[in-house]
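So the structure is just underneath, and the comments pick up after that.
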Amino acid sequence: MNLKAVFEQLQGKRVVVIGDIILDTYIWGDVKRISPEAPVPVFETTTEKTGCGGAANVAQNVASLGGNAILVGVIGEDREGEKLVRMLTEIDLVTIGVYTDTQRPTSTKTRVIARATATFADQEQNSGHHLLRIDRESKQDISPQIREYLLDTVVSQLPTSDAIIFADYDKGVVTAQLIKGVIKHAKSYGIPIIVDPKQNNFWHYEGVTAVTPNHKEASAAVHEEVMDVSDLVAVGEKILNRLSLKALLITRDANGMSLFQRNADRTVEVEHLPPNSNIVTDVTGAGDTVVAAFTLALAADAGFRSAAMLSNLAGGIAVGKMGCATVTPKELLSTIETAARKN
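Under this note's numbering, think of the first position of the sequence shown as 0, with each following residue one higher.
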């Protein structure tokens, strides 16, 4: 199946996205002087912007690419949570699985970015100088009651869903028990389960279809340093074997991505895909775009290679944008056609 044919099959695929819902806030401003109160810069705010982060951005990317996303996760009973729900509703995401927990805040990441001279349009395309990031969150595991609510929501959606994504950011929403329950119920439906993992639960995902860590996460998972491609291959094969995966997609920043597949004869096939962007504005959220495109392609019955190629193109578009960005069908189709002309 060529990439254009895969693209045409993405529309309308239903994907359940389970994970840590995050509100991303960006504050741009100018630094022109030092405070008289202490030897620190005075930051004068000029622009603020909020967006969906974490699992919410994964779901947003699924929807932006033409799929239907059902978001399952937790927010706090606060202004940040209310803002997220409004944003999710505006883009027609199904939020039946978003639980409001009165005992924890909505996970929020605030990035403070200094720009001496820039219009808002410039800020959208340029990262500026990041001064600091302020995190407001709880990393405690969710209660058993909330876990059961989330699991029940997922199970209720399985009969009409085409794929599942775990967007795990180690914030306490995705627990070992939730993972086990989802895998158990989803397997009877034969739909792909794709995971964008973090360290705490990395080895709890045994039996899912594929995982999509970046190279640093993959290296940390097996406690081995990756110095070259041969190291990466060794790390990838260990992860593929230990988790009993059908495929492993390791993203490698400026070096593209590497796809590991299990052949019928149990041998491992590895393919290295070159990067698809010459302009990197911000890598924030690029992994969200990759896992969304990869999963939608698999939901459309594409092979792992085609799914990886499509996600590589989508990720290349995302890194050219500021913050947790989404990719539109028009942008992806244009990139597919450009890539086809080059080959």
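Note that CB positions come from ideal geometry on N, CA and C, so glycine has one too.
Annotated as distal: Phe165 and Ile145, with beta-carbon spacing of 8 Å or more.
By the CB criterion at 8 Å, Ile193 and Phe293 fall inside the cutoff.
As for any alpha helix (DSSP H) of minimum length 4 sitting wholly inside the segment 110-196, the runs are 119-124, 143-156, 175-186, ordered along the chain. When secondary structure is reduced to three states using DSSP, Pro328 falls in the helix class. At the C-beta level, Gly75 and Gly18 stay beyond 8 Å of one another.
Under the criterion of beta carbons closer than 8 Å, Val290 and Asp195 qualify as touching, at roughly 4 Å. For the options Gln59, His214, Pro40, the alpha carbon positioned closest to that of Leu22 is the one of Gln59. Annotated as distal: Val154 and Leu70, with beta-carbon spacing of 8 Å or more.
In the DSSP assignment, the residues bridged to Asp29 are Glu43. Here the C-alpha atom of Arg13 lies approximately 5 Å from the C-alpha atom of Ser160. Each of Glu270, Thr325, Ala263 was checked against the Cα of Gly286, and the nearest Cα belongs to Thr325.
Distance from the CA atom of Ala162 to the CA atom of Leu295, rounded to whole angstroms, is 8 Å. The three-state reading of DSSP puts Glu7 in helix, counting H, G and I together.
In the displayed model, Asn213 falls within a strand according to three-state DSSP. Per DSSP, the beta bridge partners of Gln260 are Ala246, Glu268. Closest in C-alpha terms to Asp167, from the list Ile182, Lys197, Thr152, Asp140, comes Lys197.
According to DSSP, residue pairing for Gly18 in a beta bridge involves Ala166. Annotated three-state conformation of Val225 is coil, per DSSP.
Here DSSP, grouped into helix, strand and coil, assigns Lys108 to strand. Residue environment: Tyr204 is assigned as buried (16 or more neighbouring CB atoms within 10 Å of its CB, all protein chains considered).
Sorting Leu312, Val61, Val318 by C-alpha distance to the C-alpha of Glu336 places Leu312 at the top.
Where Gly96 is concerned, the enclosing beta strand (DSSP E) starts and stops at 93-100.
The beta carbons of Leu248 and Thr211 sit closer together than 8 Å.
Residue pairing by DSSP places Ala68 opposite Val14 in a beta bridge. Listed in chain order, the non-local C-beta contacts of Lys48 below 7 Å within the same chain comprise Tyr25, local neighbours out to five positions each way being set aside. Of the candidates Ala338, Lys341, Thr327, Thr327 places its Cα closest to the Cα of Gly66. Distance from the CA of Arg304 to the CA of Pro35, rounded to the nearest whole angstrom, comes to 58 Å. Pairing Ala113 with Gly96 gives a Cβ-Cβ distance that is not under 8 Å.
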